[in-house]
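>
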Amino acid sequence: MTSGSNFVLEQRLVQFIPLRYLMTMFKSGASYSFINTARSALSALTSLHSRETIGSHPLIKRFLKSVYELRTPQPRYKRIWDVSVVLRTLSPNESLTLKQLTQKLVVLIALTSAQRLRTLQLLDLNRLGIENNRAVFCLSNKLKQSRPGVKPMEVVLASYPEEESLDAFGLLKQYIQVTANLRGDKTQLFVSFSPHTSQPRAPRQLNPALAHSTRAAAVSAASQRNLPVEDILTTAGWSSEGTFAMFHKKPIATSMTFARTILDA
33 MTSGSNFVLE QRLVQFIPLR YLMTMFKSGA SYSFINTARS ALSALTSLHS
83 RETIGSHPLI KRFLKSVYEL RTPQPRYKRI WDVSVVLRTL SPNESLTLKQ
133 LTQKLVVLIA LTSAQRLRTL QLLDLNRLGI ENNRAVFCLS NKLKQSRPGV
183 KPMEVVLASY PEEESLDAFG LLKQYIQVTA NLRGDKTQLF VSFSPHTSQP
233 RAPRQLNPAL AHSTRAAAVS AASQRNLPVE DILTTAGWSS EGTFAMFHKK
283 PIATSMTFAR TILDA
């Protein structure tokens with residue numbers, strides 16, 4: 033922050049403890065998102081004598097604005113991997129072990145639904161409906177993008193008869209059948225393929241780089257193929273195009289370089 037703004041803020045810290053608390057976070061290196069989350073928590077749990085929320089106090093607003101300018105949130109990835117490269121490496125369904133079958137289903141659902149892997153762990157057979165060659169999971173749990181007055185998110189897996197190895201709907205039915213004897217009374221879709229745990233660990237077994245970027249890769253591929261932004265937002269569960277544009281819409285990295293282009297000519 034500028035020396036002038038620091039002076040003014042320091043003069044009022046003793047009288048305004050919430051600002052001191054947030055300032056301590058800033059000095060410890062906390063990000064804007066972290067500090068803003070703390071501001072929201074303070075606003076929800078406490079209020080000022082004037083019945084004004086802490087988050088709306090002029091000093092807090094000024095401080096958060098300065099933090100944003102100094103530590104503007106940055107997307108995790110500058111470029112994203114090409115979805116088509118991953119899809120080409122997926123093996124035929126008939127030759128898969130349970131571990132491979134689980135991982136392939138996770139990848140296909142993650143890419144075709146643009147959902148976080150945390151969301152996939154919440155998929156429940158008790159909330160699964162099959163209709164017109166498609167599977168629909170209704171998510172009853174609160175998600176990061178859940179909002180009051182908006183119906184719960186759905187994860188839809190439609191049949192893809194054009195290529196059986198990429199048919200998430202068909203693979204889902206195969207997976208449910210294969211895991212029927214392992215499931216017992218558990219209703220979560222994903223069961224562990226490890227003998228040492230009964231927890232649904234399947235999504236965690238993916239390559240970490242792949243696991244945390246499938247969402248950005250999927251929506252970036254859809255955007256590059258000119259799918260309407262409204263469809264992308266609806267599928268991913270976003271209400272704002274700004275979220276998509278800032279954090280998830282990425283240029284897709286390719287292996288084609290200038291030199292290779294010339295040599296392959």
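Number 297 marks the last residue of the sequence shown (the numbering used here); no jumps. For glycine and all other residues, C-beta sits at the position ideal for the given N, C-alpha and C.
Looking at PRO90 and LEU74, is the spacing between their C-beta atoms short of 8 angstroms?
No.
> Determine contact between the region 94-108 and the region 182-200, defined as no fewer than three beta-carbon pairs at a distance below 8 angstroms.
Short answer: they don't touch.
> Within 10 Å of its beta-carbon, does ARG148 have 16 or more other beta-carbons around it, so buried, or fewer, so exposed?
By the neighbour-count rule (16 or more Cβ atoms within 10 Å), ARG148 is buried.
> Under the three-state reduction of DSSP, which class applies to THR56: helix, strand or coil?
Three-state DSSP puts THR56 in a helix.
> Just the C-alpha distance for THR104 and TYR64, rounded to the nearest angstrom, thanks.
So the alpha carbons of these two residues sit roughly 7 angstroms apart.
> Leaving out the 5 sequence neighbours to the left and right, which residues in its chain are closer than 6 angstroms to THR267 when beta-carbon positions are compared?
Correct list, in chain order: ALA146.
> Among the candidates GLU262, PRO260 and VAL210, whose CA atom is the shortest distance from the CA of GLN132?
That would be VAL210, whose Cα lies nearest to the Cα of GLN132.
> Is the Cβ-Cβ distance between VAL188 and LEU155 less than 8 angstroms?
No; because the gap between Cβ atoms is not below 8 angstroms, this pair is not in contact.
> How should SER60 be labelled, buried or exposed, when 16 other C-beta atoms within 10 angstroms of its C-beta is the threshold for buried?
Flag for SER60 reads exposed.
> With a threshold of 16 other CB atoms inside 10 Å of the CB of LYS136, please say whether the residue is buried or exposed.
Burial call: buried.
> Going by other Cβ atoms of all chains shown within 10 Å of its Cβ, with 16 needed for buried, is SER88 buried or exposed?
Its Cβ having fewer than 16 others within 10 Å, SER88 is exposed.
> With which residues is LEU102 paired in a DSSP beta bridge?
Bridge partners of LEU102: none, in fact.
> What separation, rounded to the nearest whole angstrom, lies between the Cα atoms of THR121 and VAL139?
Going by the C-alpha atoms only, they are around 12 angstroms apart.
> For GLU84, which of helix, strand or coil comes out of DSSP?
It is coil, neither helix nor strand.
> THR219 to LEU119, Cα distance in whole Å?
About 28 angstroms.
> With DSSP run on the structure shown, which of helix, strand or coil describes GLU186?
GLU186 falls in the strand class under three-state DSSP.
> What is the DSSP secondary structure of ARG166, counted as helix, strand or coil?
Three-state result, ARG166: strand.
> Comparing C-alpha positions only, which one of ASP217, MET185 and ASN165 sits nearest to LYS205?
It is ASN165.
> Output needed for ALA212: all residues of its chain with C-beta closer than 7 angstroms, excluding positions within five of it in sequence on either side, in chain order.
Same-chain partners within the cutoff: there are none.
> Just to confirm the assignment, what range does the alpha helix (DSSP H) spanning THR121 have?
Its alpha helix (DSSP H) spans residues 115-121.
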